[in-house]
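Note sheet for the following structure.
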Amino acid sequence: MNSIINVNADLIRKAGSVEKKEHLYKILVIGELGTGKTSIIKRYVHQFFSQHYRATIGVDFALKVLNWDADTIVRLQLWDIAGQERFGNMTRVYYKEAVGCFIVFDVTRASTFDAVVKWKTDLDSKVQLADGSPVPCVLLANKCDQTKEGVVNNSNQMDDFCKEKGFIGWFETSAKENINIDDSARFLVQRILENDSNIKREEEDQDKITLGSRQSDIKNPKEKSGCC
């Protein structure tokens, strides 16, 4: 009798539970050498920061799992791309299938901001979303806990720059002090989810149109001409 009750209880729990939607998204983290890309990823994924610097060779990976809401799990595959110029010819391979991107510059070195446009142009030329639109990209002004150089001191100019160059937004960040790391990631993931939903809706609409045309062809076959 007890075993029957336990089985029934399990069935009720399973029937009442809603299966969560899971998403796996590839996100690029790119920018000049020494801008703090690896430190941002370590802070975001492992809540860890190290003063010791080691340049990324080629590409590195990290995985972050987010319980986005009651119905959704998001798995982020973060690709830490080397900033060295000699790896530039490999970026097309690394960029493939990415649906989001962070471009990082160092607020203490204006030259790294000057290189931002180069990275954005490279990104846009090598990867697009399934509907052909640009991959959503957030600009990170990293090391904001230190003295800043250049345009980053003027938020209005930064807003205008991002709008002109096609960034969806920008954040001042500090991996060391954990400033805006989670917020910037959440902002990007929100846009990725919206894009994913829109693309799937468009594909479903296209399927309905195609199915409708086929049904119309079946119901109204073309009249065959004949000779008498």
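Numbering of the sequence shown is given in full-length UniProt numbering, commencing with residue 1 and proceeding in unit increments.
Positions of the beta carbon are idealized from the N, C-alpha and C atoms, including for glycine.
In this text, all values refer to a predicted model and were calculated from it rather than measured experimentally.
Self-check item: Three-state secondary structure (DSSP) of D114
Solution: helix
Quiz item: If you pair each beta-carbon of the segment 23-30 with each one of the segment 71-81, do three or more pairs fall below 8 Å?
Solution: yes
Quiz item: Where K20 and V65 are concerned, what is the direct C-alpha to C-alpha distance, given to the nearest angstrom?
Solution: 13 Å
Practice problem: Determine which residues share a DSSP beta bridge with T72 and list them. | Solution: K21, D69
Quiz item: Looking only at C-alpha atoms, which of D131, G100, R92, K165 sits nearest to A115?
Solution: K165
Self-check item: Counterpart residues of I179 in DSSP-defined beta bridges
Solution: S174
Quiz prompt | Between the CA atoms of T56 and I199 - distance to the nearest angstrom | solution = 34 Å
Quiz item: Using DSSP with H/G/I as helix, E/B as strand and the rest coil, what is Q157?
Solution: helix
Quiz item: In whole angstroms, what is the alpha-carbon distance linking E149 and V117?
Solution: 17 Å
Quiz item: For C144, which residues from the same chain have a beta carbon less than 7 Å from its beta carbon, with the 5 sequence-adjacent residues on both sides left out?
Solution: V107, E172, T173, S174, I179
Quiz prompt | S111, buried or exposed, once every other Cβ within 10 Å from all chains shown has been counted against 16 | solution = exposed
Quiz prompt | Residue burial classification, F61 (beta-carbon count within 10 angstroms, cutoff 16) | solution = exposed
Exercise. Could you please give the first and the last residue of the uninterrupted beta strand (DSSP E) stretch that includes I40?
Key: Segment 37-46 is the alpha helix (DSSP H) holding I40; no beta strand (DSSP E) there.
Quiz item: Under the three-state reduction of DSSP, which class applies to G83: helix, strand or coil?
Solution: coil
Quiz item: Rounded C-beta distance between G83 and T35? I'm assuming under 8 Å.
Solution: 7 Å
Self-check item: Per-residue burial, G132 [other beta carbons within 10 Å of its own, 16 or more giving buried]
Solution: exposed
Quiz item: Quick one: Cα of R92 to Cα of Q128, how far?
Solution: 11 Å
Quiz item: Between S39 and L63, what straight-line distance do the alpha-carbon atoms span, to the nearest angstrom?
Solution: 14 Å
Quiz item: Exposed or buried, Y44, counting other C-beta atoms within 10 Å across all chains shown (16 or more means buried)?
Solution: buried
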